[in-house]
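J.: This is the structure I want to talk about, given as structure tokens.
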Amino acid sequence: MCRKIIVSFLFFFCAGAFAHAQEIPYTIPEFTFYKMDDTPFTREDLSRTSNIVFVFFSTTCHHCQDETRAMGEHSGDFDQSTLYFISKENKSDIRKFMDTYGKQLKDKSNVHVLRDPQSEFVLKFNPTQYPSVYIYTPTRQLVKHFSGETPISEITAALK
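The opening position of the sequence shown corresponds to residue 1236 in the working numbering, with each subsequent residue numbered one higher.
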């Protein structure tokens, strides 16, 4: 009987710890990413006047390609937000991705492309698939999280 109690306790403890580890942060955690010129970029560098939209992507992900292209086609819907495209990949692949799929976005003043060579985004934001979109208020509070390719209309609706 005691053994069953111990096993049950361990199961619930481990399950709870796993569930906790997978939570989406309600406030933006501290991080250090890098701009394409290798300049560090931290939480303190985020916009303080507009919604913050993180787009975590992989350059080889077809859903990421489609979603980035769609965001570009609807770029006017994001004018009141600041977009941060974040990838763990190398600068060359990220540039090629943005030149191909984000060409309508890459030169906009409210769009920033960041590298995450230490995989901090995965550890701190807990994405489960590509692309993952996180929308936060200017005060760093979570509005909405989207996992996987999402219709642009759903993303822009969360910005209003």
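For every residue, glycine included, the Cβ atom is placed at its ideal position computed from N, Cα and C.
This one's a predicted model, so the numbers in the text were calculated from it and none came from an experiment.
From this set, LYS1395, ALA1393, ASP1351, ILE1387, which residue's C-alpha is nearest MET1306's C-alpha?
T.: ILE1387
J.: If we require 3 or more residues per run, which beta strand (DSSP E) segments fall completely within the segment 1337-1395?
T.: Every beta strand (DSSP E) stretch that sits fully inside the segment 1337-1395 and reaches 3 residues is listed by chain position as 1346-1350, 1367-1371, 1377-1382.
J.: Please state the DSSP three-state secondary structure of THR1303.
T.: helix
J.: Within the continuous beta strand (DSSP E) that includes PHE1289, where are the two ends?
T.: 1286-1291
J.: What residue from ASN1325, PHE1266, LEU1349, ALA1392 has the CA that sits closest to THR1295's CA?
T.: ASN1325
J.: Determine the closest residue to PHE1360 out of ARG1283, THR1335, LEU1377, GLU1302, with distance taken between C-alpha atoms.
T.: LEU1377
J.: Comparing C-alpha positions only, which one of PRO1373, ASN1286, LYS1338 sits nearest to THR1391?
T.: ASN1286
J.: Whole angstroms is fine: what's the gap from THR1429's alpha carbon to ASP1342's?
T.: Because the chain is modelled from 1236 through 1395, residue 1429 falls outside the range shown and cannot be assessed.
J.: Comparing C-alpha positions only, which one of GLN1300, TYR1319, TYR1369 sits nearest to THR1335?
T.: GLN1300
J.: Determine whether the beta carbon atoms of PHE1345 and PHE1381 lie at a separation below 9 Å.
T.: Just to set this straight, residue 1345 is Asn in the shown sequence, not Phe. No, they are not a contact pair.
J.: What are the boundary residues of the beta strand (DSSP E) that ILE1321 is part of?
T.: 1316-1322
J.: I need the straight-line Cα distance from ILE1215 to GLN1353, nearest angstrom please.
T.: The first residue shown for the chain is 1236 and the last is 1395, placing residue 1215 beyond what the model contains.
J.: Taking the alpha carbon of LEU1394 as the point to measure from, which residue in ASP1273, ILE1263, PHE1289 has its own alpha carbon closest?
T.: PHE1289
J.: In chain order, what residues of the same chain have a beta carbon less than 6 Å from the beta carbon of TYR1261, not counting five sequence neighbours either side?
T.: LEU1377
J.: Who are the Cβ neighbours of ARG1330 in its own chain at under 6 Å, not counting the five residues just before and after it?
T.: none
J.: Label SER1322 either buried or exposed according to how many other C-beta atoms from any shown protein chain fall within 10 Å of its C-beta, with 16 as the threshold for buried.
T.: buried
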